[in-house]
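Trainee: Just dropping this structure here.
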Amino acid sequence: MDMKIAITATGPSLDDQVEPRFGRAPYYLFVDTETMEAEAVQNPNVAAGGGAGIQSAQLVSDRGANVVLTGNCGPNAFQVFGAAGIQIVVGVGGTVRQAVEQFKAGSLKPTDQANVASHHGMGGGMGMGGGRGMGGGRGMGRNRTS
Amino acid sequence: MKLAIASGKGGTGKTTIATNLALSLADTGIQVQLLDCDVEEPNCHIFLKPEIEKTGPVTVAIPEVVEEKCTGCGVCADVCEFKAIAVVKGKVLVFPELCHSCGACTLFCPEGAFREVPREIGVIEEGKAGGIGFIHGLLNIGELMSPAVIGAVKKAGGTPDVLIIDSPPGTSCPVIEAVKDADFVLLVTEPTPFGLNDLKLAVGMVRELGIPFAVGINRADVGNDEVKTYCGRERIEIVLEIPDDRRIAEAYSRGEMVVRALPEYGKTFEECWARIVDLHNHATQAGTSVGKTEAEG
Chain A
1365 MDMKIAITAT GPSLDDQVEP RFGRAPYYLF VDTETMEAEA VQNPNVAAGG
1415 GAGIQSAQLV SDRGANVVLT GNCGPNAFQV FGAAGIQIVV GVGGTVRQAV
1465 EQFKAGSLKP TDQANVASHH GMGGGMGMGG GRGMGGGRGM GRNRTS
Chain B
67 MKLAIASGKG GTGKTTIATN LALSLADTGI QVQLLDCDVE EPNCHIFLKP
117 EIEKTGPVTV AIPEVVEEKC TGCGVCADVC EFKAIAVVKG KVLVFPELCH
167 SCGACTLFCP EGAFREVPRE IGVIEEGKAG GIGFIHGLLN IGELMSPAVI
217 GAVKKAGGTP DVLIIDSPPG TSCPVIEAVK DADFVLLVTE PTPFGLNDLK
267 LAVGMVRELG IPFAVGINRA DVGNDEVKTY CGRERIEIVL EIPDDRRIAE
317 AYSRGEMVVR ALPEYGKTFE ECWARIVDLH NHATQAGTSV GKTEAEG
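Read top to bottom, the protein sequences are chains A and B.
For the working numbering, add 1364 to where a residue sits in the first sequence, where the first one is 1.
For the working numbering, add 66 to where a residue sits in the second sequence, where the first one is 1.
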């Protein structure tokens, strides 16, 4: 059956790597499994303050993907995929081309649950909220971690 | 007088100062109410040990879709500034934890297909701690909308002689909510590079809000002099300096009030209060904010 697969990617070509984060992936590659034709879409939600997973899942759904291949998927995006009837495969690595071939060969199985918590893909200076976590010692402070 | 105790950096001593200032004012016969607005980690109660007399839920309004009216047009998702709504295959999904209760979806839905339902995100507790009126808020675990709980705490506050607001740390929305209508802000810091960096952020915030403010330095005799140099350059008054006294740390570790365990510090807080009153009166008369740089007027 002819299917449209969305793969999270670090760049716009089939030979770029699969990006492990779903919501904040730099690119989504939409690949036709019959023809291997690929369309790259730059992700506008890379630096979103919050709700990146939801927005990105909506984007992928709006573009008619049937299946998503990625590294990690959080609960909010997963909920959107569920409503949209989109299958999602997590734990995918290697290049986009390899991932599509693996999927076509039937060696990638969809997941039935989110595999990471919300905000998993938010790191490296993109965090929210300020100034906590450095609370002082000397018995008078408090250590805050969020 | 509504005084907010705030700081850019966490762990500088806001709660120590808020509670001990409240107690030393109450000791002199002033009618004091303390609002613990650090609703993610309230801890004034650990020191004041209030008797809670009243507890109530804090709710926010979140949208609920009336399925039979919804056409799946997607306007709601487009207008949602907080990405709390997705529309996929004509089906509306609401993510309540991301909702800021702005009401845009309900307002813009062409079909009138939303109704707003209350969702509990925390509680407020009111009581008394000796002569101090006490209110604090507790945000439920996993919730994000702390400003709503902070707003509820402040709404529950009365009009005593002095209202002391213990603010959360930082300079983001919850802090703004806590300090925005204060008459005066005391910014607590410590004499370290981290303390100075976050003090500068906090000063930027209160200047933006146009509230008169001053600085209090905790553990004032450790670290370096850069906080004082900065305050001097910016013409910011330092109204409180608490030394790095091991006995304070020991009292704190036992959940004791500094002014009870070490009564000699009562004077420190009373003097701090007198200077705040002076600065506040001066700012009110001058019609301008204390601590503004010359360039700002």
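From the three backbone atoms N, C-alpha and C, an ideal C-beta is built for every residue, glycine too.
Predicted model only: the values in this text are computed from it and were never measured.
Which residues bound the alpha helix (DSSP H) around Thr1374 of chain A?
Mentor: As a position in the first sequence, residue 1374 of chain A is number 10, starting the count at 1. Run containing Thr1374 of chain A: none; DSSP gives neither H nor E here.
Trainee: Examine chain B for any beta-carbon lying closer than 8 Å to the beta-carbon of Asn1440 of chain A, and answer yes or no.
Mentor: Position 76 of the first sequence, counting from 1, holds the residue named residue 1440 of chain A. For Asn1440 of chain A, the nearest CB of chain B lies under 8 Å from its own CB, placing it at the interface with that chain.
Trainee: How many whole angstroms separate the CB atoms of Gln1451 of chain A and Val1431 of chain A, which I take to be in contact at a CB cut-off of 8 Å?
Mentor: Walking along the first sequence from the start, residue 1451 of chain A turns up at place 87. Walking along the first sequence from the start, residue 1431 of chain A turns up at place 67. Contact flag correct, Cβ pair sits at about 5 Å.
Trainee: When the cut-off is 8 Å and only beta carbons count, does Ser1425 of chain A lie next to chain B?
Mentor: Walking along the first sequence from the start, residue 1425 of chain A turns up at place 61. It does: the Cβ of Ser1425 of chain A has a partner Cβ on chain B nearer than 8 Å.
Trainee: Please list, in chain order, the chain B residues whose beta carbon lies closer than 7 Å to that of Gly1457 of chain A.
Mentor: For this step, residue 1457 of chain A is matched to residue 93 along the first sequence. For Gly1457 of chain A, no chain B residue has a Cβ inside 7 Å of its Cβ, as the nearest lies near 27 Å away.
Trainee: Look up Pro226 of chain B in the DSSP assignment and say whether it is helix, strand or coil.
Mentor: The residue given as residue 226 of chain B occupies position 160 in the second sequence. It is coil, neither helix nor strand.
Trainee: Have a look at the DSSP bridge pairing and note the partners of Phe250 of chain B.
Mentor: As a first step, residue 250 of chain B must be located in the second sequence, where it is residue number 184. Per DSSP, B:Leu69.
Trainee: By alpha-carbon positions, which one of B:Ala70, B:Leu69 and B:Met211 ends up nearest to Ala127 of chain B?
Mentor: The residue labelled residue 127 of chain B in the question sits at position 61 within the second sequence. The shortest C-alpha separation from Ala127 of chain B is found at B:Met211.
Trainee: Can you give me the start and stop residues for the alpha helix (DSSP H) that Thr82 of chain B sits inside?
Mentor: Here residue 82 of chain B corresponds to residue number 16 of the second sequence, with the count starting at 1. Element bounds for Thr82 of chain B: Lys80 to Asp93.
Trainee: Taking 7 Å as the cut-off, is the beta-carbon of Thr137 of chain B closer than that to any non-hydrogen atom of the ligand GTP?
Mentor: This structure simply doesn't include the ligand GTP, nor any ligand for that matter.
Trainee: Shortest alpha-carbon distance to Lys75 of chain B belongs to which of B:Pro240, B:Ile230, B:Leu253 and B:Glu177?
Mentor: Taking the second sequence and counting its residues from 1, the one referred to as residue 75 of chain B is at position 9. Per the Cα distances, B:Leu253.
Trainee: Would you decide whether Met1400 of chain A is buried or exposed? Buried here means 16 or more other CB atoms lie within 10 Å of its CB.
Mentor: Taking the first residue of the first sequence as position 1, residue 1400 of chain A is located at position 36. Exposed, because fewer than 16 other Cβ atoms sit within 10 Å of the Cβ of Met1400 of chain A.
Trainee: Please list the residues of the segment 1429 to 1454 of chain A that have a C-beta atom closer than 8 Å to any C-beta atom in chain B, keeping them in chain order.
Mentor: Asn1440, Gln1443, Val1444, Ala1447, Ala1448 and Gly1449
Trainee: Classify Arg1506 of chain A as helix, strand or coil using the three-state DSSP reduction.
Mentor: As a first step, residue 1506 of chain A must be located in the first sequence, where it is residue number 142. With a pLDDT of only 43 at Arg1506 of chain A, under 50, the local geometry of the prediction cannot be trusted, and the value read off the model is given with reservation. Three-state result, Arg1506 of chain A: coil.
Trainee: Is the beta carbon of Thr237 of chain B less than 8 Å from the beta carbon of Leu205 of chain B?
Mentor: Here residue 237 of chain B is taken as the residue at index 171 of the second sequence, counted from 1. Here residue 205 of chain B is taken as the residue at index 139 of the second sequence, counted from 1. Cβ atoms of Thr237 of chain B and Leu205 of chain B: not closer than 8 Å.
Trainee: Look up Thr334 of chain B in the DSSP assignment and say whether it is helix, strand or coil.
Mentor: Counting from one through the second sequence, the residue named residue 334 of chain B turns up at place 268. The answer is helix: DSSP assigns Thr334 of chain B an H, G or I state.
Trainee: Considering only residues of the segment 275 to 345 of chain B, which uninterrupted alpha helix (DSSP H) runs meet the minimum length of 4 residues and lie entirely inside it, listed in chain order?
Mentor: 292 to 299, 312 to 319 and 324 to 327
Trainee: Got a sec: is the Cβ-Cβ distance from Gln1477 of chain A to anything in chain B below 8 Å?
Mentor: As a working note, residue 1477 of chain A is residue 113 in the first sequence. No - not a single Cβ of chain B is within 8 Å of the one on Gln1477 of chain A.
Trainee: In chain order, which continuous runs of the alpha helix (DSSP H) of length 4 or greater are located wholly inside the segment 126 to 171 of chain B?
Mentor: 141 to 145
Trainee: Measure the Cβ-Cβ separation of Glu209 of chain B and Pro123 of chain B and say whether it is below 8 Å.
Mentor: Residue numbering aside, residue 209 of chain B sits at position 143 when the second sequence is read from its first letter. Residue numbering aside, residue 123 of chain B sits at position 57 when the second sequence is read from its first letter. Their beta carbons are not under 8 Å apart, which means Glu209 of chain B does not touch Pro123 of chain B by this criterion.
Trainee: Is the Cβ-Cβ distance between Cys136 of chain B and Ala170 of chain B less than 8 Å?
Mentor: Counting from 1 along the second sequence, the entry for residue 136 of chain B is found at position 70. Counting from 1 along the second sequence, the entry for residue 170 of chain B is found at position 104. Contact: no.
Trainee: I believe Val215 of chain B touches Gly188 of chain B by the beta-carbon criterion, under 8 Å. Please report the beta-carbon distance rounded to the nearest angstrom.
Mentor: Locating residue 215 of chain B in the second sequence gives position 149, counting from the first residue. Locating residue 188 of chain B in the second sequence gives position 122, counting from the first residue. Between Gly188 of chain B and Val215 of chain B the Cβ distance is about 4 Å, and since that is below 8 Å, they are a contact.
Trainee: Whose C-beta lies closer than 6 Å to the C-beta of Val245 of chain B among residues of the same chain, with five residues either side of it excluded?
Mentor: Sequence index remark: in the second sequence, residue 245 of chain B carries index 179 (1-based). Around Val245 of chain B: Ala70, Ala72, Ser233 and Val251.
Trainee: From this set, A:Leu1433, A:Gly1417 and A:Gly1387, which residue's C-alpha is nearest Lys1368 of chain A's C-alpha?
Mentor: Translated into the one-based positions of the first sequence, residue 1368 of chain A becomes position 4. Nearest option by C-alpha distance: A:Leu1433.
Trainee: Helix, strand or coil for Lys75 of chain B, going by three-state DSSP, please let me know.
Mentor: Taking the second sequence and counting its residues from 1, one reaches residue 75 of chain B at position 9. Residue state, collapsed to three classes: coil.
Trainee: Is Lys194 of chain B helix, strand or coil when you go by DSSP?
Mentor: Taking the second sequence and counting its residues from 1, the one referred to as residue 194 of chain B is at position 128. Note: Lys194 of chain B maps to strand in three-state DSSP.
Trainee: Can you have a look at Arg285 of chain B and say buried or exposed, based on whether 16 or more other CB atoms are within 10 angstroms of its CB?
Mentor: In the second sequence, the residue the question calls residue 285 of chain B occupies position 219. When all chains shown are included, Arg285 of chain B counts as buried.
Trainee: Are the Cβ atoms of Gly321 of chain B and Phe113 of chain B separated by less than 8 Å?
Mentor: As a position in the second sequence, residue 321 of chain B is number 255, starting the count at 1. As a position in the second sequence, residue 113 of chain B is number 47, starting the count at 1. For Gly321 of chain B and Phe113 of chain B, yes; Cβs fall inside 8 Å.
Trainee: Determine the closest residue to His166 of chain B out of B:Cys239, B:Val325, B:Gly178 and B:Ala179, with distance taken between C-alpha atoms.
Mentor: Taking the second sequence and counting its residues from 1, one reaches residue 166 of chain B at position 100. His166 of chain B has its Cα closest to that of B:Cys239, out of B:Cys239, B:Val325, B:Gly178 and B:Ala179.
Trainee: Am I right that Glu256 of chain B and Thr78 of chain B are in contact with their C-beta atoms under 8 Å? What's the rounded C-beta distance?
Mentor: As a first step, residue 256 of chain B must be located in the second sequence, where it is residue number 190. As a first step, residue 78 of chain B must be located in the second sequence, where it is residue number 12. Yes, they are in contact, since the Cβ atoms of Glu256 of chain B and Thr78 of chain B sit about 5 Å apart, within 8 Å.
Trainee: Look at the alpha carbon of Ala280 of chain B and the alpha carbon of Asp287 of chain B, and state the distance between them as a whole number of angstroms.
Mentor: Indexing the second sequence from 1 puts residue 280 of chain B at position 214. Indexing the second sequence from 1 puts residue 287 of chain B at position 221. Here the C-alpha atom of Ala280 of chain B lies approximately 19 Å from the C-alpha atom of Asp287 of chain B.
Trainee: So the beta strand (DSSP E) Glu1465 of chain A belongs to, where does it begin and stop?
Mentor: Translated into the one-based positions of the first sequence, residue 1465 of chain A becomes position 101. Not the beta strand (DSSP E): Glu1465 of chain A falls in the alpha helix (DSSP H), residues Val1460 to Lys1468.
Trainee: State yes or no: is the C-beta of Pro116 of chain B within less than 8 Å of the C-beta of Phe180 of chain B?
Mentor: Taking the second sequence and counting its residues from 1, one reaches residue 116 of chain B at position 50. Taking the second sequence and counting its residues from 1, one reaches residue 180 of chain B at position 114. Result no, Cβ atoms of Pro116 of chain B and Phe180 of chain B do not sit closer than 8 Å.
Trainee: Distance, Cα to Cα, Gly1387 of chain A vs Glu134 of chain B?
Mentor: For the purposes of this step, residue 1387 of chain A is taken as the residue at position 23 of the first sequence. For the purposes of this step, residue 134 of chain B is taken as the residue at position 68 of the second sequence. Their backbone Cα atoms lie some 31 Å apart in a straight line.
Trainee: For Asn1430 of chain A, does the three-state DSSP call read helix, strand or coil?
Mentor: Your numbering for residue 1430 of chain A matches position 66 in the first sequence. Looking at Asn1430 of chain A - three-state DSSP - the assignment turns out to be coil, as it is neither helix nor strand.
Trainee: Spell out the partners DSSP gives Lys1368 of chain A in its beta bridges.
Mentor: Mapped onto the first sequence, residue 1368 of chain A falls at position 4. According to DSSP, which records beta bridges pairwise, Lys1368 of chain A is partnered with A:Asp1396.
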